[in-house]
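What follows is one structure encoded as structure tokens, with my remarks underneath.
In our numbering, the protein residues as written are 446 to 847.
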């Protein structure tokens with residue numbers, strides 16, 4: 446398996462991940478990589494989701510990983526039904542975890558973290574909650590934010606993606622925070638370093654079609670400079686609730702025939718196959734996986750310097766270009782500079798490919814294994830775990846009082 450290195454761990458270790466579903470998101474990508482690595486090493490790994498066996502698993506997961514599909518409603522309908530569904534999810538998850546008896550549970554994203562914190566009450570199970578977005582910016586409901594704040598003290602560890610994300614954690618819990626970046630793997634079949642594909646040259650952006658991702662700003666910026674660069678087109682990959690508004694913005698722009706909403710790629714990483722450059726116009730992020738994957742492909746990248754993530758990935762002028770967040774004029778100017786110079790694209794892309802190696806799966810996974818080793822239920826085989834190797838990530842985890 447790519448990124449496995451020479452990892453060896455206690456064969457009896459039992460790990461369980463909890464997430465909403467296994468769709469095309471960044472959290473799901475991290476889960477698939479870690480689960481597949483650990484099951485190959487001989488660990489028992491399970492993933493609990495609240496979808497059905499008919500729902501697609503977007504990212505490849507080793508067939509030896511146990512998928513527990515809890516087949517739960519997504520919470521639509523009247524408020525009393527949503528309340529019933531919440532408790533049904535908690536009890537189904539609790540039953541699954543009691544059957545699995547993992548050494549440690551990793552839950553992902555705010556709502557699922559709350560459900561898992563509730564489901565593990567009185568079980569004696571060790572739990573690490575993982576926040577994958579920017580908690581200071583994301584539009585979670587007051588209920589979920591409040592519930593998360595009230596229950597977070599129960600977590601044995603909290604995994605954040607960047608140092609700046611610690612600011613969103615209550616002060617009393619910051620001693621249990623482990624800062625671990627996402628592992629980055631280039632999409633399969635995409636060579637690095639990446640050379641320009643045949644014309645038209647493609648500027649690519651990837652993400653859910655929401656206000657957070659800033660595609661409205663990108664459309665405006667590209668339209669400002671498209672007339673001076675007729676050999677370039679803009680492809681935006683992803684789906685979401687803002688599709689209609691974005692399509693209207695495209696049709697009203699000066700570059701209507703050269704901007705396309707591509708939908709979700711049918712192949713993992715298919716967006717990179719013909720790309721000549723990548724742009725991240727997000728208003729905020731947690732840790733942008735697509736940006737890291739683009740860099741791992743050797744693509745030249747441009748990103749808004751949004752909170753959080755791009756600054757941790759890019760050294761501006763060396764392996765990418767950072768632009769003041771939400772500054773459309775500055776973004777247009779930077780895109781024009783990149784589109785005009787093949788030499789600049791080549792230099793940035795080559796350096797990006799080298800920089801992305803510090804987020805290789807084996808390096809990042811060792812940091813997760815450090816969390817496991819510190820808080821998991823004791824086993825007879827308990828070897829030392831390699832220290833932080835991803836360059837600059839912090840681990841400040843203390844044992845919880847029993």
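Backbone N, C-alpha and C define an ideal beta-carbon position, used for all residues, glycine too.
Beta-carbon proximity check, residue i vs residue j, cutoff 9 Å
{"i": "residue 506", "j": "residue 480", "result": "yes"}
{"i": "residue 614", "j": "residue 597", "result": "yes"}
{"i": "residue 790", "j": "residue 780", "result": "no"}
{"i": "residue 755", "j": "residue 725", "result": "yes"}
{"i": "residue 728", "j": "residue 751", "result": "yes"}
{"i": "residue 539", "j": "residue 564", "result": "yes"}
{"i": "residue 707", "j": "residue 645", "result": "no"}
{"i": "residue 605", "j": "residue 623", "result": "yes"}
{"i": "residue 749", "j": "residue 659", "result": "yes"}
{"i": "residue 512", "j": "residue 545", "result": "no"}
{"i": "residue 668", "j": "residue 700", "result": "yes"}
{"i": "residue 857", "j": "residue 504", "result": "Any answer about residue 857 is impossible in this case: the structure gives the chain only from 446 up to 847."}
Inter-residue spacing [alpha-carbon to alpha-carbon] between residue i and residue j
{"i": "residue 695", "j": "residue 722", "result": "20 Å"}
{"i": "residue 549", "j": "residue 654", "result": "34 Å"}
{"i": "residue 665", "j": "residue 773", "result": "7 Å"}
{"i": "residue 797", "j": "residue 535", "result": "43 Å"}
{"i": "residue 792", "j": "residue 747", "result": "13 Å"}
{"i": "residue 607", "j": "residue 578", "result": "10 Å"}
{"i": "residue 496", "j": "residue 681", "result": "27 Å"}
{"i": "residue 691", "j": "residue 457", "result": "50 Å"}
{"i": "residue 813", "j": "residue 625", "result": "7 Å"}
{"i": "residue 652", "j": "residue 740", "result": "16 Å"}
{"i": "residue 657", "j": "residue 616", "result": "27 Å"}
{"i": "residue 568", "j": "residue 688", "result": "43 Å"}
{"i": "residue 494", "j": "residue 467", "result": "7 Å"}
{"i": "residue 490", "j": "residue 482", "result": "10 Å"}
{"i": "residue 532", "j": "residue 764", "result": "47 Å"}
{"i": "residue 709", "j": "residue 734", "result": "15 Å"}
{"i": "residue 471", "j": "residue 753", "result": "14 Å"}
{"i": "residue 805", "j": "residue 794", "result": "17 Å"}
{"i": "residue 552", "j": "residue 787", "result": "43 Å"}
{"i": "residue 554", "j": "residue 587", "result": "15 Å"}
{"i": "residue 459", "j": "residue 575", "result": "18 Å"}
{"i": "residue 647", "j": "residue 817", "result": "42 Å"}
{"i": "residue 766", "j": "residue 499", "result": "41 Å"}
{"i": "residue 771", "j": "residue 661", "result": "10 Å"}
{"i": "residue 730", "j": "residue 736", "result": "11 Å"}
{"i": "residue 612", "j": "residue 477", "result": "28 Å"}
{"i": "residue 547", "j": "residue 769", "result": "44 Å"}
Residue from the options whose Cα sits closest to the Cα of residue i
{"i": "residue 760", "options": "699, 771, 625 and 801", "result": "801"}
{"i": "residue 713", "options": "621, 469 and 463", "result": "469"}
{"i": "residue 492", "options": "471, 542 and 486", "result": "542"}
{"i": "residue 650", "options": "663, 657 and 656", "result": "663"}
{"i": "residue 742", "options": "799, 787 and 769", "result": "799"}
{"i": "residue 537", "options": "618, 515, 753 and 811", "result": "515"}
{"i": "residue 509", "options": "487, 527, 819 and 498", "result": "487"}
{"i": "residue 566", "options": "599, 685 and 500", "result": "599"}
{"i": "residue 820", "options": "621, 787 and 786", "result": "621"}
{"i": "residue 785", "options": "730, 628 and 745", "result": "745"}
{"i": "residue 808", "options": "686, 818, 628 and 732", "result": "628"}
{"i": "residue 592", "options": "684, 562, 768 and 484", "result": "562"}
{"i": "residue 711", "options": "738, 677, 683 and 705", "result": "683"}
{"i": "residue 815", "options": "698, 697, 602 and 768", "result": "602"}
{"i": "residue 676", "options": "643, 810 and 697", "result": "643"}
{"i": "residue 738", "options": "803, 685 and 705", "result": "803"}
Cross-strand partners of residue i (DSSP beta bridge)
{"i": "residue 683", "result": "708"}
{"i": "residue 512", "result": "492"}
{"i": "residue 602", "result": "573"}
{"i": "residue 461", "result": "491 and 550"}
{"i": "residue 767", "result": "748"}
Short CB-CB distance (under 9 Å) between residue i and chain D
{"i": "residue 547", "result": "Checking the listed chains, one finds no chain D in this structure; it contains a single protein chain."}
Counting pairs of beta carbons, one from the segment 665-672 and one from the segment 746-762, are three or more of them closer than 8 Å? no
Determine contact between the segment 455-466 and the segment 545-561, defined as no fewer than three beta-carbon pairs at a distance below 8 Å. yes
Per the contact definition of three or more C-beta pairs closer than 8 Å, is the segment 619-635 in contact with the segment 705-719? Between the segment 705-719 and the segment 619-635, the count of Cβ pairs shorter than 8 Å is three or higher; the stretches touch.
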